[in-house]
Every structure is written in structure tokens, then in C-alpha cells.
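Q: In our numbering, the protein residues as written are 8 to 872. Here's a structure for you.
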């Protein structure tokens with residue numbers, strides 16, 4: 008690298024606990040990987056990285072903020088942008104790719120050393136990385152750590168004064184890819200809690216100034232916060248500042264799409280403000296947006312003060328329904344019209360066909376879908392089910408676009424219907440939802456083209472049909488006998504509905520069609536049981552952060568609204584459109600009544616279990632989950648009991664309390680500050696280390712036993728203060744009221760309400776690797792006013808230890824639970840495992856039963872597996 012021709016201004020920052028928090032970093036360069044077959048499993052990623060490796064850093068000049076450069080073997084020009092790490096210390100470039108890509112990203116900073124010294128750098132990444140000091144190559148690491156990144160330490164000698172550190176970190180992405188980098192500087196190997204002794208400071212070269220104005224604006228931007236993630240219908244999007252630090256600068260606020268289209272812009276004109284509104288949700292397109300804070304446009308564009316902060320918001324135009332309304336037939340038309348009005352994607356076009364809106368059908372989105380399927384991109388099985396259902400329903404209609412006919416035939420004949428067929432690809436076959444989707448594709452395609460030879464497999468259509476039917480029967484019987492390994496998944500349920508509704512309508516084999524209808528009944532019974540006012544507030548075997556932070560974005564919300572009038576029609580339309588188009592399935596009225604009912608106190612236990620098979624699950628062994636639910640008129644609380652405590656978590660959502668579509672509370676052990684779906688776990692969904700949880704009706708204990716060197720060092724509760732009618736923190740407890748329901752939450756290591764950052768006033772944080780969270784629910788009918796509820800909680804005799812709790816409950820009982828030992832209620836052991844398959848007032852069934860009966864009053868239905 009060559010020296011800078013002009014001397015920029017240097018921004019100077021301290022290390023944070025030894026970590027570098029200020030970088031100039033580029034966007035990621037993603038290169039599609041062609042001909043995957045040339046790289047063999049299981050070390051494919053390492054082979055790809057080695058094949059595309061370059062010893063040259065690709066950087067010829069020392070970076071300056073907003074300067075551009077074009078690395079070798081990259082088509083696009085990159086920009087050096089200031090990146091400030093959060094408390095997780097990471098530069099985050101995570102993304103999701105439907106096909107295989109090789110990734111490269113560069114990060115640069117200056118280490119200003121008070122003297123020549125040898126230091127230890129610890130480089131933490133998910134994939135290979137290289138480091139250069141003053142242009143000299145000093146380190147390479149070659150590991151791949153898919154979710155939790157790995158660290159490598161190495162020594163370097165720093166000169167007195169400036170030392171230019173460049174890090175290039177790589178990745179090979181197939182589907183989700185967590186893509187992180189962090190660097191720690193230490194004078195020797197020291198424990199994380201010890202004070203850094205290097206005297207090193209970090210410097211960032213920039214031409215943006217003046218520095219005093221920049222620093223003031225950045226502070227104003229950093230202090231801003233929004234109260235929620237999702238704004239619905241006529242809700243105003245607010246931006247707020249602390250009472251003691253209002254906004255006094257003339258700044259610009261924009262609401263824009265992720266692609267940069269601006270929908271709203273306003274200027275504060277230098278007035279002293281604590282709050283400003285940028286518009287109502289329905290004024291913007293539905294979906295994710297950025298609320299951008301930036302200097303006044305004249306300062307930004309004319310004077311080069313190019314700094315900004317983007318806050319993530321999601322807008323929803325529809326209203327949420329928390330009570331049943333209208334008839335199924337009316338809601339069906341409403342659902343199809345809503346989906347057709349979104350006007351993008353395959354399933355939106357299918358909705359138009361179902362409504363007879365043929366002039367509005369667009370062929371381009373369907374052709375794009377076929378192209379994606381032909382590339383065998385991940386989730387092609389979702390789209391292929393839709394294509395096959397579209398053919399089954401509308402192929403003979405005279406309005407069906409002629410331009411689609413041959414491309415659809417070619418696509419169906421060339422698709423890869425299971426893992427044992429020829430071809431290498433990025434598709435996932437192994438999770439429960441993908442399994443039944445592929446089986447459905449194979450059955451429907453085989454039926455449609457029974458006598459034709461499929462070009463990829465060489466099999467006749469009827470052979471595909473027979474193979475698909477055998478696999479589908481196996482899947483359906485396992486779900487009937489033991490339930491779902493990834494139980495109550497509010498993302499997978501949508502995709503299961505997509506597959507099963509198509510089998511109900513199109514499968515020629517009566518056993519397949521009837522079993523699919525039975526499994527739909529069972530799924531909808533679980534959805535009805537474990538929902539509250541339209542929110543699928545259950546514990547989940549797999550979920551994503553947006554689907555648990557309220558009910559607006561849940562993939563099952565549209566299904567619930569269609570079936571029993573509670574929820575919201577949103578962008579997740581695969582299951583909703585498929586169900587609305589399904590002619591041969593009708594929801595039993597008994598299940599609908601269970602869904603809309605609000606009992607005084609419903610206590611339910613479930614056990615889901617089964618055995619994995621190598622041919623379809625890619626692993627063997629047994630799986631099991633025991634879960635409980637307590638539902639009242641005012642709230643619902645659900646949890647998974649003693650589920651694999653201490654093991655590495657993924658996307659399991661272990662417990663949740665639900666009051667309405669906004670007011671939900673849960674606790675997790677985060678891996679990083681990111682909420683993107685590629686991190687599994689991330690800041691909100693999943694747990695790095697699974698807790699040990701037990702619930703006794705309206706009281707719940709969650710014990711966390713994290714490694715001493717845990718990266719984040721805390722557990723935290725989602726506690727959205729905006730959603731509560733009243734809330735308070737007092738005497739180590741957090742209290743909240745929503746309607747006539749109450750919650751009290753505490754932790755043995757103490758709790759802190761976070762008032763800054765992306766989750767300001769929505770997060771309670773508790774530091775410490777050994778911790779116990781205690782949650783108690785209450786009701787006005789039982790516990791009086793909200794103030795009286797608080798007084799009752801504070802008067803309870805409760806002992807919270809590092810790994811256990813002993814204390815009284817609001818119901819005149821005692822509860823004991825810890826990291827080891829049983830759950831005791833009034834000194835009597837209560838089971839937390841080994842439940843019946845269903846044990847509730849509506850259903851009593853053992854695991855493995857060939858049938859189960861569901862009863863409500865004088866109504867009864869029998870499901871035969």
C-alpha cells in the first residue's frame with residue numbers, strides 16, 4: 008500500500024475492553040460459485056475458499072472514509088465506510104444466499120501505539136481471514152465456524168506511532184451465512200475482564216468535518232430511539248430523544264425503502280424537540296423501511312458532511328383483529344384480495360387466478376420463479392408446490408397465459424425431487440417442512456406427467472408418484488403419532504400448510520389425501536390451543552426474531568385470521584393463499600371454538616417425540632420436547648420444560664408470555680447484537696446455551712448456566728414498554744399491565760432497563776453467566792389493581808440463588824427449582840417430562856396412539872392416523 012498523498016483528519020477512539028470498535032469497512036463482494044460438483048463434500052467450503060484464494064490483499068492505497076477502490080477480481084467498486092461496533096465488538100456483513108457464493112470483505116483501522124511493543128491480536132471470524140500490518144502480511148486463519156465464530160490469537164510487533172491494520176475476511180455462503188469479524192488487542196493473553204495495558208488508541212482517517220459538528224450530530228443520532236419495530240395502519244412512526252438530551256440540531260429525517268426510495272422527509276429546523284412524527288404507517292409501502300437520520304441536505308450534499316444513522320422499522324397497512332369476525336367465506340375473499348393486491352411473486356398471481364382477475368395476472372413474476380427453480384435455489388420446493396397447484400387448478404382455463412405453458416413443462420420435468428437424484432445444489436431437504444414439500448412436489452408432478460420421462464432423474468412420472476407417496480405416508484404417520492420435532496414453529500407451520508393443502512386437493516391416493524387432512528386438523532388444533540387473541544404465542548421449535556416480537560409479522564397470522572378471524576393478513580401469503588384455494592378441506596367448528604375461547608384457567612401439557620432416520624433427517628437418534636401452556640381470559644404463558652439444558656441452542660423459542668399482538672415477554676441468551684435471520688441464534692431468537700425451564704401454571708423459572716467466557720455475558724428479556732398500559736421497575740422487579748393481565752419479572756443477577764440503542768425501552772438486561780429469571784403472571788380478577796399486584800409480589804418470601812429459586816407464589820403455594828433437581832410445588836415433585844402426547848381438557852392421548860379424540864362440550868372429533 009502507498010502512503011496517502013494528502014493528510015486527512017484523524018478521528019481518535021479508545022479500545023473497548025481491548026476490542027477495536029472503529030473501522031473503515033467495505034460492503035461484501037459476493038461471487039457466485041459455478042459448478043458445485045467440482046467441490047466435494049464434506050469439506051466443500053474449504054475447497055472453494057482455497058480455489059478462490061488470493062495472497063494479494065487487493066488494496067493498493069491506505070483507506071480514507073468514503074474513498075473508493077476496486078479490489079482485484081471484483082467487478083464492483085467498493086467504498087470505505089465508517090463502521091462502529093456495538094457491544095458485541097463485531098463488524099457484521101451477514102446475509103442469505105439462495106445459491107452458493109464466495110464472500111470477501113475488507114476492514115481497516117490505524118493502531119496508534121505509544122511505543123514499539125509486541126501485542127497479541129485475537130481475530131474472531133466465521134470463516135477464513137488474513138491480516139496485514141503496514142502492508143506486511145502477518146496472519147492467515149482458515150477455519151469455518153458456521154454460527155458461533157471462532158477466535159485465533161497471534162503476536163505482532165507494533166512500531167511506535169501509527170500502525171495500519173488491514174483485515175480481509177471471507178466466507179462461503181449456502182443459504183444463511185453469519186459473517187462476522189472482531190479484533191482484540193492485548194499486551195499478553197489476559198482474561199477479558201482485565202484492563203488493557205497497551206496504551207493503544209484507534210484512529211480513523213477522514214475528510215468529513217468539521218469534527219465538532221460531526222461529533223455533535225453523531226451524538227444526536229445515537230440518542231434517538233423508536234418505541235417499536237412494527238407500526239401498523241394508522242399508527243404514527245415516532246422518533247424520540249431523552250428528556251435531558253433533546254435534539255437541538257437542524258437535522259433531516261427520512262423514511263425510505265431498503266433500496267433507497269424516499270417516502271417522507273422532514274427537517275427539525277434547529278428547534279429543541281423531544282419527539283417528532285414522520286407519518287402514519289399506511290402512508291408508506293408495506294414492509295421493511297429505514298428511518299434515516301442525517302444532517303440537513305445542504306450540509307450533507309453540498310458541504311460533504313456525509314454521516315447518518317439508519318433505524319429499522321416495518322410498516323403494516325392492515326389492521327390486526329383480536330376478536331373473531333364475519334364468515335370463513337368472506338374472510339377467504341378478503342385473504343385472496345389482500346394477497347392479489349401485493350402484486351408480486353408467484354402466490355400473488357395465484358390469488359388473482361383464484362379470484363378470476365385474469366387481466367391482472369403478470370407472467371414476469373411467474374417466469375422469474377421458474378428461473379429460480381431451474382437454478383435449484385434454496386426454497387425452490389416452496390415455489391414448485393405453488394406452480395404444480397397452479398397447473399392443477401388453472402391449466403385448462405382458457406385465460407391461462409400461453410407464454411407460461413412450455414416453461415412450466417420444462418421446469419417440472421427437469422426438477423430435482425429428492426436428494427438421491429443427480430445434480431448438486433443449494434437446496435435443503437432435511438428439515439420437516441422441506442421433506443413434505445419435496446414429497447408433495449414429487450407426487451403432484453408424477454401425477455401430472457405420469458407417462459413422461461423426467462429429464463433429470465430418467466424416471467417416468469408414475470415412478471415419481473409412487474416414490475413420493477411412500478415418503479409422504481411415512482412423514483404423515485410420524486407427525487400423526489409423535490408430532491413435530493420443531494414443534495409449534497410459526498415459520499414451518501405456514502410451509503406445512505402449503506404442502507398439506509395441495510395433497511388434500513390433488514393427491515390421487517386416498518390414504519395420502521386423507522392423512523394430509525388429518526395432520527392439518529392436528530396442526531390447527533395445536534395452533535388453536537397455543538394461540539391467544541390471534542398470536543401464536545407458544546414455545547417454538549424454530550422461529551425468527553420478527554415473528555416473536557409481536558403478532559403482526561407471524562407467518563401463521565394470516566392462516567389464523569382466515570380460519571377463525573383473529574390475526575392479520577401480512578406478506579407471508581404462501582400458506583394463506585394455499586388454504587384459501589383449497590376446496591377439499593374444511594376446518595372443524597370444534598377447533599375454531601377452541602381457538603376463540605378465553606378460559607378462566609386452562610392448563611395443558613404436551614409431549615412430542617420421535618426417532619430420526621438417516622434417509623430423510625440426515626441423522627439418527629431420538630428427539631423429544633415436553634411443553635406446557637396456561638391460558639386465561641387475560642394472558643397466556645407457554646414453555647418447553649427442561650429442554651436440553653446447557654446444550655447449544657439454535658432457533659428454539661423456549662418460553663413466552665402473551666397479552667396481545669404487541670405485548671409479549673420472553674427471555675433469551677443472545678449470541679450477538681444482530682437480529683438478522685442468518686444468525687441462529689441471534690439477539691432475540693434462540694439461545695447460545697439453552698436454559699433449564701419449568702413452569703407451574705402462572706409461575707415460571709428459567710435457569711441459565713452459561714460458560715464463563717460467554718461472548719455476550721448476559722441474558723435479556725424482551726419487555727416492550729410501549730405495549731403496556733402501565734409499567735414500572737422497582738426493588739429488582741419489572742412490572743407491567745396489559746388490559747387486566749399483569750406480569751412480574753426478576754433475575755438473580757439483577758435487571759437493567761436499556762434506554763438507548765435499537766431496542767431502547769424494549770429490553771431488560773441481566774449480566775452474569777449464572778442466572779435465574781423468575782416470571783409471575785397475575786390478573787385483576789385475582790390480584791386486584793396493578794398497584795396491589797406489585798405489593799403482593801414484593802411481599803412474597805422468595806430466595807433467588809445463583810442457580811436456583813425457592814419461594815412463595817401468588818396462589819399460596821411454594822415453588823422450588825434449579826439447574827439440577829426436580830420441580831417442587833408445596834414440596835411435592837411435579838413432572839416436567841414424560842407427559843402424554845396431549846393432556847388437556849380437550850384431549851387426552853398417548854404418544855403413538857393410532858387415533859386421538861378432541862372434545863368440547865357435546866362436540867367430539869376423532870383423528871385416525
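Virtual Cβ for every residue (Gly too), placed ideally from N, Cα, C.
#1: Just curious, the alpha helix (DSSP H) that residue 352 is in, first and last residue?
#2: State the beta-bridge partners of residue 335 as determined by DSSP.
#3: Work out the CA separation of residue 82 and residue 248 for me, nearest whole Å.
#4: Tell me the DSSP secondary structure of residue 112 in three-state form.
#5: Would you mind giving the Cβ-Cβ distance between residue 812 and residue 835, rounded to the nearest angstrom? I have them listed as a contact below 8 Å.
#6: Secondary structure at residue 530, three-state DSSP: helix, strand or coil?
#7: Output the distance between the C-alpha atoms of residue 31 and residue 252, rounded to the nearest integer angstrom.
#8: Out of curiosity, what's the CA-to-CA distance linking residue 202 and residue 22?
#9: Output the distance between the C-alpha atoms of residue 690 and residue 464, rounded to the nearest integer angstrom.
#10: Between which two residues does the alpha helix (DSSP H) containing residue 137 stretch?
#11: What residues in its chain sit with their C-beta under 8 Å from that of residue 214, if we drop five residues either side in the sequence?
#12: So, helix, strand or coil for residue 230, using DSSP?
#13: If we call anything under 8 Å between Cβ atoms a contact, is residue 612 one with residue 842?
#14: Look at residue 288 and residue 241 and say whether their C-beta atoms are less than 8 Å apart.
#15: Start and end of the beta strand (DSSP E) containing residue 744?
#16: Based on DSSP bridge pairs, tell me the residues matched to residue 254.
#17: Looking at the secondary structure, which residues open and close the beta strand (DSSP E) in which residue 401 lies?
#18: Return the first residue and the last residue of the beta strand (DSSP E) that residue 478 is part of.
#19: Please classify residue 385 as buried or exposed, where buried requires at least 16 neighbouring CB atoms within 10 angstroms.
#20: How far does the beta strand (DSSP E) with residue 191 in it reach, from first residue to last?
#21: Given a cut-off of 8 Å on the beta-carbon distance, is the pair residue 576 and residue 558 in contact?
#22: Quick check on this structure: which residue in 802, 793, 728 has the alpha carbon closest to the alpha carbon of residue 768?
#23: Taking only the alpha-carbon atoms, compute the straight-line gap between residue 166 and residue 156 and give it to the nearest angstrom.
#24: How long is the line joining the alpha carbons of residue 97 and residue 794, rounded to whole angstroms?
#25: Mark residue 571 as exposed unless 16 or more other C-beta atoms lie within 10 angstroms of its C-beta, in which case mark it buried.
#26: Nearest-angstrom Cα distance between residue 513 and residue 534?
#27: Are the CB atoms of residue 806 and residue 815 nearer to each other than 8 Å?
#28: What residue does the beta strand (DSSP E) around residue 664 start on, and which one ends it?
#29: Could you check what DSSP says for residue 704 in three-state terms: helix, strand or coil?
#30: Under 6 Å Cβ to Cβ from residue 397, same chain only, skipping five residues before and after it: list those, please.
#31: Does DSSP put residue 7 in a helix, a strand or coil?
#32: So for residue 805, helix, strand or coil by DSSP?
#33: Can you confirm whether the segment 366-384 touches the segment 338-355 when touching is taken to mean that 3 or more C-beta pairs between the two stretches lie within less than 8 Å?
#34: Any idea if residue 554 is buried or exposed, counting beta-carbon neighbours within 10 angstroms, 16 or more meaning buried?
#35: With 16 other CB atoms within 10 Å as the buried threshold, where does residue 122 fall?
#36: I'd like the list of long-range same chain contacts for residue 306, defined as Cβ closer than 7 Å, with 5 residues on each side in sequence excluded.
A: On the basis of the coordinates in this document:
#1: Within the chain shown, numbered from 1, the residue matching residue 352 stands at position 345. It spans 352-362 - the alpha helix (DSSP H) in which residue 352 sits, taken as one unbroken run.
#2: For the purposes of this step, residue 335 is taken as the residue at position 328 of the chain shown. Answer is none; residue 335 lacks a bridge partner.
#3: As a working note, residue 248 is residue 241 in the chain shown. As a working note, residue 82 is residue 75 in the chain shown. C-alpha separation (whole angstroms): 42 Å.
#4: Start at 1 with the first residue of the chain shown, and residue 112 comes out as number 105. Residue state, collapsed to three classes: strand.
#5: Looking up residue 812 in the chain shown gives position 805. Looking up residue 835 in the chain shown gives position 828. Not really, about 17 Å apart at Cβ, beyond 8 Å.
#6: Your numbering for residue 530 matches position 523 in the chain shown. The answer is helix: DSSP assigns residue 530 an H, G or I state.
#7: Here residue 31 refers to the residue found at position 24 of the chain shown. Here residue 252 refers to the residue found at position 245 of the chain shown. So the alpha carbons of these two residues sit roughly 29 Å apart.
#8: Within the chain shown, residue 202 is the residue found at index 195, counting from 1. Within the chain shown, residue 22 is the residue found at index 15, counting from 1. Note on residue 202: pLDDT 46, under 50, position unreliable in the model; the coordinate value appears next. Each residue's Cα considered, the two are about 10 Å apart.
#9: Residue 690 sits at position 683 when you count from the first residue of the chain shown. Residue 464 sits at position 457 when you count from the first residue of the chain shown. Computed Cα separation, rounded: 43 Å.
#10: Indexing the chain shown from 1 puts residue 137 at position 130. Unbroken run through residue 137 is the beta strand (DSSP E), 136-140; no alpha helix (DSSP H).
#11: Indexing the chain shown from 1 puts residue 214 at position 207. Correct list, in chain order: 15, 16, 71, 72, 73, 311.
#12: On the chain shown, position 223 is the one that residue 230 refers to. Residue 230 falls in the helix class under three-state DSSP.
#13: Counted from its first residue, the chain shown places residue 612 at position 605. Counted from its first residue, the chain shown places residue 842 at position 835. Yes. Within cutoff.
#14: Here residue 288 refers to the residue found at position 281 when the chain shown is read from its first residue. Here residue 241 refers to the residue found at position 234 when the chain shown is read from its first residue. A contact, by the Cβ cut-off of 8 Å.
#15: The residue given as residue 744 occupies position 737 in the chain shown. First-last of the beta strand (DSSP E) with residue 744: 740-745.
#16: Within the chain shown, numbered from 1, the residue matching residue 254 stands at position 247. Answer is 280, bridged to residue 254.
#17: Within the chain shown, the letter at position 394 stands for residue 401. Counting along the chain, residue 401 falls outside any beta strand (DSSP E), though it belongs to the alpha helix (DSSP H) covering 387-401.
#18: Along the chain shown, read from residue 1 onward, the residue named residue 478 stands at position 471. Where residue 478 is concerned, there is no enclosing beta strand (DSSP E), although the alpha helix (DSSP H) it sits in stretches over 468-489.
#19: Here residue 385 refers to the residue found at position 378 when the chain shown is read from its first residue. Residue 385 comes out buried.
#20: Numbered from 1 along the chain shown, position 184 holds the residue referred to as residue 191. Unbroken beta strand (DSSP E) run through residue 191: 187-193.
#21: On the chain shown, residue 576 is found 569 positions in, with the first residue counted as 1. On the chain shown, residue 558 is found 551 positions in, with the first residue counted as 1. No, Cβ-Cβ distance for residue 576 and residue 558 is not below 8 Å.
#22: Numbered from its first residue, the chain shown carries residue 768 at position 761. Measuring from the Cα of residue 768, the nearest candidate turns out to be 728.
#23: For the purposes of this step, residue 166 is taken as residue 159 along the chain shown, with counting starting at 1. For the purposes of this step, residue 156 is taken as residue 149 along the chain shown, with counting starting at 1. The C-alpha of residue 156 is placed about 30 Å away from the C-alpha of residue 166.
#24: One-based indexing of the chain shown puts residue 97 at position 90. One-based indexing of the chain shown puts residue 794 at position 787. CA-to-CA, the gap between residue 97 and residue 794 works out to about 42 Å.
#25: Taking the first residue of the chain shown as 1, we reach residue 571 at position 564. Buried, because 16 or more other Cβ atoms sit within 10 Å of the Cβ of residue 571.
#26: For the purposes of this step, residue 513 is taken as the residue at position 506 of the chain shown. For the purposes of this step, residue 534 is taken as the residue at position 527 of the chain shown. The alpha-carbon atoms of residue 513 and residue 534 are separated by roughly 24 Å.
#27: Walking along the chain shown from the start, residue 806 turns up at place 799. Walking along the chain shown from the start, residue 815 turns up at place 808. A distance of 8 Å or more separates the beta carbons of residue 806 and residue 815.
#28: Working through the chain shown from its first residue, we reach residue 664 at position 657. It spans 662-665 - the beta strand (DSSP E) in which residue 664 sits, taken as one unbroken run.
#29: One-based indexing of the chain shown puts residue 704 at position 697. Looking at residue 704 - three-state DSSP - the assignment turns out to be coil, as it is neither helix nor strand.
#30: Translated into positions along the chain shown, residue 397 becomes position 390. Excluding positions up to five away in sequence, the list reads 357.
#31: Any answer about residue 7 is impossible in this case: the structure gives the chain only from 8 up to 872.
#32: In the chain shown, the residue the question calls residue 805 occupies position 798. Looking at residue 805 - three-state DSSP - the assignment turns out to be strand.
#33: As far as the Cβ criterion goes, the segment 338-355 touches the segment 366-384, which means the pair count is three or higher.
#34: For this step, residue 554 is matched to residue 547 along the chain shown. Looking at its Cβ environment, which holds 16 or more other Cβ atoms inside 10 Å, residue 554 is buried.
#35: Here residue 122 corresponds to residue number 115 of the chain shown, with the count starting at 1. Under this definition residue 122 is an exposed residue.
#36: By one-based count along the chain shown, residue 306 stands at place 299. Closer than 7 Å at the Cβ level, and outside the excluded window around residue 306, lie 312.
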